[in-house]
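So the protein lines, in turn, are chains A and B.
Mapping to the working numbering: the first sequence position 128 is 128, numbers consecutive.
Mapping to the working numbering: the second sequence position 98 is 1098, numbers consecutive.
The beta carbon of each residue, even a glycine, is placed where N, CA and C say it ideally should be.
Number of protein chains: 2
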Amino acid sequence: MKRIAFLLAAVAVVAGVVVSTAPASGPTHEEAAPILGIKIFPGYRDWRLISVAHEEGNLNDLRAILGNDAAIKAYRKGTLPFPDGTIIARLAWSYVPSEENNKVFGRNQSFVPGSAPDWYLQFMVKDSKKYAATGGWGFAEFDKDGKPADEAMHKACFPCHEPAKARDFVFTRYAP
Amino acid sequence: MKRIAFLLAAVAVVAGVVVSTAPASGPTHEEAAPILGIKIFPGYRDWRLISVAHEEGNLNDLRAILGNDAAIKAYRKGTLPFPDGTIIARLAWSYVPSEENNKVFGRNQSFVPGSAPDWYLQFMVKDSKKYAATGGWGFAEFDKDGKPADEAMHKACFPCHEPAKARDFVFTRYAP
Chain A
1 MKRIAFLLAA
11 VAVVAGVVVS
21 TAPASGPTHE
31 EAAPILGIKI
41 FPGYRDWRLI
51 SVAHEEGNLN
61 DLRAILGNDA
71 AIKAYRKGTL
81 PFPDGTIIAR
91 LAWSYVPSEE
101 NNKVFGRNQS
111 FVPGSAPDWY
121 LQFMVKDSKK
131 YAATGGWGFA
141 EFDKDGKPAD
151 EAMHKACFPC
161 HEPAKARDFV
171 FTRYAP
Chain B
1001 MKRIAFLLAA
1011 VAVVAGVVVS
1021 TAPASGPTHE
1031 EAAPILGIKI
1041 FPGYRDWRLI
1051 SVAHEEGNLN
1061 DLRAILGNDA
1071 AIKAYRKGTL
1081 PFPDGTIIAR
1091 LAWSYVPSEE
1101 NNKVFGRNQS
1111 FVPGSAPDWY
1121 LQFMVKDSKK
1131 YAATGGWGFA
1141 EFDKDGKPAD
1151 EAMHKACFPC
1161 HEPAKARDFV
1171 FTRYAP
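If you want it as structure tokens, here you go:
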């Protein structure tokens, strides 16, 4: 862990900054994510769908995984590792029953996005040189107001993704 | 119900046909949906995200709701009723635990898209004149091979959507 922390700190020194503008909706905060200097990518809410998921437990969310053009192209071709320029965005919402839908069905069956959780927005940014110390990926996490998570949160990203090394550290598979 | 069936039959007679080509993935079948003559829209898998959901019970799916440009524009502006030209696509996958993700977390927590269910792909197509008898919406449903559902299935679409009349018969809200 000490070694990882050191490497992440070293990456932070050389990390660049991505210019951010307001997406169609969602956070617009201009503060850069700590450690890797990644800002919210403009237009991420317009990116194409990679997949969806539900996480139980502490997360208890519904999530959509979107990709920029490079990400979608790589996913559809099955390209591994992902090429530099790939950006994957993970949006999450709290997992709540839809009372209006359930009324129609006559039973509890429909779960929909509720409010944005603290971990609303995450990015994985592929740059094999810049982020060499973390598998070629830069990680960034923001709340619904666009405020980046703290350093401790960011340090947890890569260790958690390491078990997915065989798929270039990316958990999400493409939903056809 | 008799009246609805009659109206749907009447609509079928005047319904047009949409030209279909293969999307980036998913079904490519050329058979038109019965009743309304709607075919699979080309490129629907590239449309932007409206929302995600999980349906329990008999459906037991994870779903993504995508929209064409007209749909996304209307959703973001809060335009109701949706303008003619709006198309909403609903993709669904069976709701399955992700063994590879759960291994990393050390507990059962991650649910991801599995195989495509029989009701894989649905469209709502807004044309207030052509589909006047069903709230201005044409409904179509396809399996993973692009084969349309039967007439009985299609007749169930509008009656089920009627309770959402206040929101122009559309259940899904935009996930910001």
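Between residue i and the rest of its own chain, which residues show a CB-CB distance below 7 angstroms, the 5 nearest in sequence each way excluded?
i                : result
P34 of chain A   : P148, D150, E151, H154
V1013 of chain B : Only weak support exists for where V1013 of chain B lies, its pLDDT of 29 falling under 50; the coordinates are left without a value.
P176 of chain A  : none
N1108 of chain B : P1097, N1102
R173 of chain A  : S51
L1080 of chain B : R1167, D1168
K1075 of chain B : Reading off the sequence, residue 1075 of chain B comes out as Tyr, not Lys. Answer for Y1075 of chain B: I1050, G1067, Y1174, listed in chain order.
T21 of chain A   : Interpretation of T21 of chain A is limited by its pLDDT of 36, a score under 50 that renders its predicted location unreliable; the figure taken from the coordinates is listed afterwards. Cβ neighbours of T21 of chain A beyond the five flanking positions: P42.
Going by C-alpha to C-alpha distance, which of the options sits closest to residue i?
i                : options                            : result
A140 of chain A  : A:F111, A:A89, A:S115, A:F82       : A:A89
P83 of chain A   : A:D61, A:G136, A:K39               : A:G136
P1047 of chain B : B:H1054, B:N1068, B:A1164, B:G1146 : First, the residue type needs correcting, since residue 1047 of chain B is Trp and not Pro in the sequence shown. Here the closest residue by C-alpha is B:N1068.
F41 of chain A   : A:T86, A:H54, A:A175, A:L59        : A:T86
S1128 of chain B : B:E1031, B:K1077, B:D1168          : B:D1168
K998 of chain B  : A:V125, A:K77, A:A71, A:R45        : Because chain B is modelled from 1001 through 1176, residue 998 of chain B falls outside the range shown and cannot be assessed.
P27 of chain A   : A:A92, A:A132, A:P159              : A:A92
D1143 of chain B : B:S1115, B:P1159, B:A1166          : B:S1115
E30 of chain A   : A:K126, A:G146, A:M124             : A:G146
S1032 of chain B : B:E1055, B:Q1122, B:G1078, B:Y1174 : Residue identity check: residue 1032 of chain B is Ala in the sequence provided, not Ser. Among B:E1055, B:Q1122, B:G1078, B:Y1174, the Cα nearest to that of A1032 of chain B is on B:Q1122.
E56 of chain A   : B:G1106, B:T1079, B:A1133          : B:G1106
P159 of chain A  : B:V1104, B:K1077, B:G1043          : B:V1104
A70 of chain A   : A:A132, A:A133, A:M124, A:L36      : A:M124
Examine chain B for any beta-carbon lying closer than 8 angstroms to the beta-carbon of residue i, and answer yes or no.
i               : result
N101 of chain A : yes
R107 of chain A : yes
G67 of chain A  : no
F171 of chain A : yes
P113 of chain A : yes
D145 of chain A : no
A53 of chain A  : yes
G135 of chain A : no
D118 of chain A : no
V104 of chain A : yes
P148 of chain A : no
L49 of chain A  : yes
C163 of chain A : A small correction: the amino acid at residue 163 of chain A is Pro; Cys does not occupy that position in the sequence shown. It does: the Cβ of P163 of chain A has a partner Cβ on chain B nearer than 8 angstroms.
Give a yes or no on whether 8 angstroms exceeds the smallest Cβ distance from residue i to chain A.
i                : result
D1168 of chain B : no
P1159 of chain B : no
P1083 of chain B : no
G1043 of chain B : no
R1090 of chain B : no
G1057 of chain B : yes
A1074 of chain B : no
A1064 of chain B : yes
D1127 of chain B : no
A1140 of chain B : no
A1175 of chain B : yes
S1094 of chain B : no
So, for residue i: in the same chain, excluding its five sequence neighbours on each side, which residues have a beta-carbon less than 8 angstroms away from its beta-carbon?
i                : result
S1110 of chain B : P1097, S1098, N1101, N1102
F1171 of chain B : H1161, A1164
H54 of chain A   : D61, L62, R63, Y95, F111
Identify the continuous alpha helix (DSSP H) that holds residue i and give its terminal residues.
i                : result
P1159 of chain B : 1157 to 1161
D61 of chain A   : First-last for D61 of chain A: 61 to 67, but that is the beta strand (DSSP E), not the alpha helix (DSSP H).
E1100 of chain B : 1099 to 1105
Rounded to whole angstroms, how far is the Cβ of residue i from the Cβ of residue j, which I believe are closer than 8 angstroms?
i                : j                : result
G1138 of chain B : I1038 of chain B : 5 angstroms
V52 of chain A   : A1064 of chain B : 5 angstroms
Can you give me the start and stop residues for the beta strand (DSSP E) that residue i sits inside?
i                : result
K126 of chain A  : 121 to 126
E56 of chain A   : Where E56 of chain A is concerned, there is no enclosing beta strand (DSSP E), given that its DSSP letter is neither H nor E.
G1136 of chain B : Neither: G1136 of chain B is in no beta strand (DSSP E) and is coded neither H nor E.
P1113 of chain B : 1110 to 1113
Counting only the same chain and skipping the five closest in sequence on each side, list residues whose C-beta sits under 6 angstroms from that of residue i.
i                : result
Y95 of chain A   : N60, D61, L62, F111
A156 of chain A  : none
D1118 of chain B : D1143
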